[in-house]
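The numbering of the sequence shown is the working numbering, which starts it at 61 and goes up by one.
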Amino acid sequence: MSTQQDTAAPLVGGLVADPAVQPIDLTEITRAPRRHPLVTVLAVLGVAVATVVLVGALVFHLQGGAWFIVKTPSMGTAAPVGTLVLTTPTTGSDVRVGDVIAFHPPTTPSETYTHRVVKIGPTGLLSTRGDINGATDPWQLSSRDLVGKAVVLLPALGWLIRGLPIALLGIVIVFLATARMRNATHRASYRIAGSSLALSIAAFVLRPFTGMVVEATGVVNGAPTATVVSTGLLPIRIAAAHGTHVDLVTGQVGQVSVPASAHHGFYSLSSALNLSVWEWVALLAVCCLPLLWTTIVGLPAKEQEQA
Numbered sequence: 061m062s063t064q065q066d067t068a069a070p071l072v073g074g075l076v077a078d079p080a081v082q083p084i085d086l087t088e089i090t091r092a093p094r095r096h097p098l099v100t101v102l103a104v105l106g107v108a109v110a111t112v113v114l115v116g117a118l119v120f121h122l123q124g125g126a127w128f129i130v131k132t133p134s135m136g137t138a139a140p141v142g143t144l145v146l147t148t149p150t151t152g153s154d155v156r157v158g159d160v161i162a163f164h165p166p167t168t169p170s171e172t173y174t175h176r177v178v179k180i181g182p183t184g185l186l187s188t189r190g191d192i193n194g195a196t197d198p199w200q201l202s203s204r205d206l207v208g209k210a211v212v213l214l215p216a217l218g219w220l221i222r223g224l225p226i227a228l229l230g231i232v233i234v235f236l237a238t239a240r241m242r243n244a245t246h247r248a249s250y251r252i253a254g255s256s257l258a259l260s261i262a263a264f265v266l267r268p269f270t271g272m273v274v275e276a277t278g279v280v281n282g283a284p285t286a287t288v289v290s291t292g293l294l295p296i297r298i299a300a301a302h303g304t305h306v307d308l309v310t311g312q313v314g315q316v317s318v319p320a321s322a323h324h325g326f327y328s329l330s331s332a333l334n335l336s337v338w339e340w341v342a343l344l345a346v347c348c349l350p351l352l353w354t355t356i357v358g359l360p361a362k363e364q365e366q367a
């Protein structure tokens, strides 16, 4: 007669432990995903640049500096629309002909203009004019009208400053809306798409890339002519329906002939991008930045479900 002896499994914490079951390494499950080195480098670089800009802006402000964004094309290519103008305090005796100054016109003290000094009178009063304006401004300035003398003109940077609040607000909304998403891949995808949408909305609202202003109309060599100026960041071609066209860069002035048969002085002007092949390639690369980011950096891997 044979007998079978049962061997009891050891108790662990009051439960029977089966030696055939392999232990699970919880550190592999709870370990935070590693960040791509490029993300770390860009984050550190972004923080460093933001810190330098903020500290520099604070020091500049404490020294009496001021900044303005050009919103009209009167200064032509010297300070096209969207230029950030940095000024330092000055007096009439320190200003020379050719200097670009910011001032409050005596006729409208609540406004700020940025024009070039074209004449200094015997009594020290200043006469100014925009670079593309046909006439000198109808006022003379004294020291009390001056805001400052331009020390730096930074084209395009004003567009960035104007668009930053819109874009940041949209990005913050996207990140808050996706904060409770558990799937890291889905969360990152929505954030990339949402951030791209926020930037697109800022560009749609401000329209910084293309624009034009008709400065004057008249007759040149017997032909009706419109004088136009480009106010966008990118090169454009301005064409008159059944007339001529002109290619312009930001702040540049040109003329187009309009049909002499235009009824009651009405005519049609259109503008379109005028880029070289390499400029189109660069523009396409900028538009593909979200795709390049996901290709190079990648998205967080999906969490592995444990059976």
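All C-beta atoms in this analysis are idealised placements derived from N, C-alpha and C, irrespective of residue type, glycine included. Bear in mind that the values here come from a model prediction, so they are computed numbers and not experimental data.
Under the rule that 16 or more other beta-carbon atoms within 10 Å means buried, what is residue i, buried or exposed?
i	result
T285	buried
S317	buried
K209	buried
A368	For residue 368 there is no data in the structure shown, the boundaries of the chain being 61 and 367.
L224	exposed
W340	exposed
F163	buried
I89	Because I89 carries a pLDDT of 45, less than 50, the predicted location of this residue cannot be relied on, and the following value inherits that uncertainty. By the 10 Å Cβ count, I89 comes out exposed.
P169	exposed
D307	exposed
W353	buried
V109	exposed
G190	buried
V157	exposed
H121	exposed
G271	buried
A237	exposed
V289	buried
V369	A query on residue 369 cannot be resolved here, the shown segment of the chain reaching from 61 to 367 and no further.
R176	buried
G230	buried
Y327	buried
A262	buried
L201	buried
D205	buried
I221	exposed
I356	exposed
V160	buried
T147	buried
T111	exposed
T188	buried
T174	buried
V232	exposed
Return the first residue and the last residue of the beta strand (DSSP E) that residue i is part of.
i	result
A258	Segment A244 to L266 is the alpha helix (DSSP H) holding A258; no beta strand (DSSP E) there.
R176	Y173 to I180
R297	I296 to A300
V309	Careful: V309 lies outside any beta strand (DSSP E) and carries neither H nor E.
Which partner residues does residue i have in the DSSP bridge list?
i	result
Q315	T287
D159	D159 is not bridged to any residue.
K209	T148 and I161
R189	R176
W127	L146
L214	L144
T277	A286
M241	Answer by DSSP bridge pairing: none, since M241 is not bridged.
L201	L186
A332	R297
M272	S290
On the premise that residue j lies in contact with residue i, defined as a C-beta separation below 8 Å, what is that separation, rounded to the nearest angstrom?
i	j	result
A283	L329	Not really, about 15 Å apart at Cβ, beyond 8 Å.
G218	V130	6 Å
T167	W199	6 Å
P295	V273	Actually they are not in contact, since the Cβ atoms of P295 and V273 sit about 16 Å apart, beyond 8 Å.
G292	P133	The pair is not a contact, with the Cβ atoms about 10 Å apart (cut-off 8 Å).
V234	G254	3 Å
P149	G184	Between G184 and P149 the Cβ distance is about 17 Å, and since that is not below 8 Å, they are no contact.
P350	I252	5 Å
S186	V211	Ser is not the amino acid found at residue 186; the sequence shown has Leu there. About 17 Å; that fails the 8 Å criterion.
L213	A138	7 Å
R297	S331	7 Å
M136	V313	Inspection of the sequence shows that residue 136 is occupied by Gly rather than by Met. Yes, G136 and V313 are in contact; Cβ-Cβ is about 6 Å, under 8 Å.
Hey, could you find the ends of the alpha helix (DSSP H) residue i is sitting in?
i	result
A345	V337 to C347
Looking at chain D, is there any beta carbon in it that lies within less than 8 Å of the beta carbon of residue i?
i	result
A195	Among the protein chains of the structure shown there is no chain D, as only one such chain exists.
**Message:** Using a Cβ distance threshold of 8 Å, determine whether the region 141-154 contacts the region 122-129, with at least three qualifying pairs required.
**Reply:** Three or more Cβ pairs drawn from the region 141-154 and the region 122-129 lie within less than 8 Å of each other, which places the two stretches in contact.
**Prompt:** Counting Cβ pairs, one atom from each stretch, are 3 or more of them under 8 Å apart for the region 303-310 and the region 261-269?
**Reply:** Touching, no.
**Asked** Should the region 239-247 be regarded as contacting the region 177-184, the criterion being three or more beta carbon pairs within less than 8 Å?
**Response** Touching, no, given that fewer than three Cβ pairs across the two stretches are closer than 8 Å.
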